[in-house]
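Data block below; observations after.
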Amino acid sequence: MKTDVQIAQEANLKPISEVAEKLGINADDLELYGNHKAKVSLSVLKDNQNKPDGKLVLVTAINPTPAGEGKTTTNVGLSMALNYIGKKTITTLREPSLGPCFGVKGGAAGGGYAQVVPMDDINLHFTGDFHAITSAHSLLAALLDNHLHQGNALNIDMDRIVWRRVVDMNDRALRKITVGQGSRANGVERETGYDITVASEIMAILCLASSLTDLKERLGRMIVAYNTAGKAVTASDLEATGAMALLLKDAIKPNLVQTLENTPAFIHGGPFANIAHGCNSVLATKTALKLADYVVTEAGFGADLGAEKFFDIKCRYAGISPSAVVIVATVRALKMNGGVEKAELSKENVKAVEAGTANIVQHLDNLKKFEVPVVVALNKFPTDTAAEFDAVKKACEDKGVKVILSDVFSQGGKGGVELAEEVVRLCDQNVAPYKPLYALELPLEDKIETIAKEIYRADGVEYTLEAKQQLDEIAALGFDHLPVCMAKTQYSFSDDAALLGAPRNFNIHVKEVRLSAGAGFVVAITGAIMTMPGLPKVPAANGMDITEDGEIIGLS
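Below is the structure:
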């Protein structure tokens, strides 16, 4: 089979203006970035606000493994399959980060014959949204340090500055730095550091904002430091809101591209699925819901992180509710959850599959708590056997959930027809809104404990003294009504990445709690979560190149 890049470069793309026209988007509401990508004006959502919403379908997955699951591939393939059976459908995805793309994860445009294109543009600079977010974040950092240099009229406590810097690259050397070194003209010397751009609160805000006005209000609420009296100092206090919004004036607009089969795709925003909520923008999703009968979206990492945050954070703020959930798995990944090493995954091992299904069964039990119907999409691999498939089928059907083999990777939309038909059936029978996991009125510790016990199956939660103090301070500031965003390893239900399957008899360890007042959630950081990843020994970047005639090598 051809590589992803080869398939993408051979795609028969339609002019993006033609894709937009079929959605009812006027030329005046389209800002072209070449022939195959465009920004869509916010007025499209406003002009269509009285139209009924289409059906929203969430694609999530089991805990990711090195064996691969294919969540984005399934998202894209399902959207194409729905169009294949005559349903007007749009897919909505996050934008890829350059850090993982050049590091170890690779791009995020799907795979095989279920890709969004132009995949090289999407995986690289795209329409410049991440650069705009990086610039807005950097502007606030510069204004903060300038304020300190110019006399610190706000009486900022130098030991309580919480606003760091960001860059969209995996660069461990920047995790901890010192600024202002040298003469006094260089500013106030202090320790700070860098996070990756997708961990910026501005990224989360862009993806949760419902309008430019809402964006500005959220930006103004961002806390950059605390003063000597313990009061929060915000971006608004530094008079930075207007300038940041100006830098984001184009980034806030959803990006329109297409799949290999010309299904429309809104790809917009990309908040970190650990330190933030890991979903594409509210504006892109809500715009799509006004323009299509079905909208397929996805949440970051496994369902214990992505789906929970999608329901308890994004759906709450957006006022939306999915009609069905697709949870993606592979026989290979379930074998790995059952204790098989990656090198042995091609060999039939029914017992390992049976053991590994404990992972997907827990995800299914979790998703039932939100009261939305679920179907399992099992991505097909050539090494899968009928006996292994039957083991997965039995485990899921014992929970009342149907399992469907998906082959969108090698067949495109045609390989997902059965899955699409089941999704339509589930959407047609579901009319009730989802049920949140917890009430916002609960104390923060109760919300954290609810997630830990109900979703992760932890025995309890242990806090560091610092985390306890931070929780008390957040409550004192009046932000204890916010939802909780758990920052936890994606590889396990626990906060220990090595515990695969469905572990029991463990506690969740909260070492730090951060307030994202602008985004509107409280981040509970567990385990060894890092907001600035590093590169592996052999980064993916080492195998990338471009030839004289424009052929791209090594980008996937």
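When we follow UniProt numbering, the leftmost residue of the sequence shown carries the number 1, and every step to the right adds one. Here a beta-carbon is modelled for each residue, glycine too, at the ideal position from N, C-alpha and C. None of the values given here were measured: they were computed from a predicted structure.
Thr178 sits exposed, since fewer than 16 C-beta atoms from the chains shown fall within 10 Å of its C-beta.
Under the DSSP assignment, Asp168 falls outside any beta strand (DSSP E); it carries neither an H nor an E label. In this structure Gly193 is not in contact with Arg172, their Cβ atoms being roughly 11 Å apart against a cut-off of 8 Å.
Here DSSP, grouped into helix, strand and coil, assigns Met336 to helix.
Note: Met486 is bridge-paired with Ala524 in the DSSP secondary-structure output.
As the crow flies, the alpha-carbon of Ile455 is around 32 Å from that of Lys290. Using a Cβ-Cβ distance cut-off of 8 Å, the stretch 544-552 and the stretch 240-259 are not in contact, since fewer than three pairs of beta carbons, one from each stretch, lie closer than that value. Partner residues in a beta bridge of Tyr438, as assigned by DSSP, do not exist. The stretch 240-266 is shown to contain whole alpha helix (DSSP H) runs of 4 or more residues at 241-247, in chain order. Our two residues, Asn274 and Ile7, have alpha carbons roughly 31 Å apart in a direct line.
Taking 8 Å as the cut-off, the Cβ atoms of Ile161 and Ala225 count as close. Under DSSP, Asn507 forms a beta bridge with Gly460. Leu283 sits close to Leu45, with the two beta carbons spaced by under 8 Å. The stretch 80-87 makes no contact with the stretch 180-196, as fewer than three CB pairs between them are under 8 Å.
When the beta-carbon positions are compared, Ala109 and Leu256 stay at least 8 Å from each other.
Between the alpha carbons of Glu10 and Pro118 lies a gap of roughly 10 Å.
Here the alpha carbon of Leu500 sits roughly 11 Å from the alpha carbon of Lys335.
Our two residues, Gln115 and Ala324, have alpha carbons roughly 22 Å apart in a direct line. When Ile451, Ala299, Val350, Leu98 are compared, the shortest CA-CA separation from Ser556 is found for Leu98. Relative to His147, the option among Val233, Leu23, Ala541, Ser43 whose CA is nearest is Val233.
Ranked by how close their Cα comes to the Cα of Gly460, the residues Pro443, Thr92, Val510, Val484 have Val510 in first place. With distances taken between CA atoms, Gly520 lies nearest to Met222 out of His137, Val59, Met222. Close CB contacts of Ala487 within its chain, under the 8 Å cut and outside five residues either way in sequence, are with Asn274, Ile275, Val523, Ala524, Ile525, Thr526, Ile529 (chain order). Of the residues assessed, Met532 falls on the buried side of the cut-off, its CB having 16 or more other CB atoms within 10 angstroms. Taking a contact as a CB-CB distance under 8 Å, the pair Asn280 and Thr297 counts as one, their CB atoms being some 6 Å apart.
Arg504 sits exposed, since fewer than 16 C-beta atoms from the chains shown fall within 10 Å of its C-beta.
Within the stretch 32-120, the complete alpha helix (DSSP H) segments at least 4 residues long are 43-47, 71-84, 98-102, listed from N- to C-terminus. Nearest to Ser494 by alpha-carbon distance, out of Leu305, Ser321, Pro536, Ala395, is Leu305.
By the neighbour-count criterion, in which a residue is buried when 16 or more other Cβ atoms sit within 10 angstroms of its Cβ, Met169 is buried. Membership of Val374 in the beta strand (DSSP E) is indicated by the continuous run 374-379. Residue Asn379 holds the alpha-carbon nearest to the alpha-carbon of Gly416 among Gly24, Ser321, Asn379. Counting along the chain, no alpha helix (DSSP H) covers Asp480, and no H or E run does either. Secondary-structure assignment with DSSP links Arg190 through a beta bridge to Val179.
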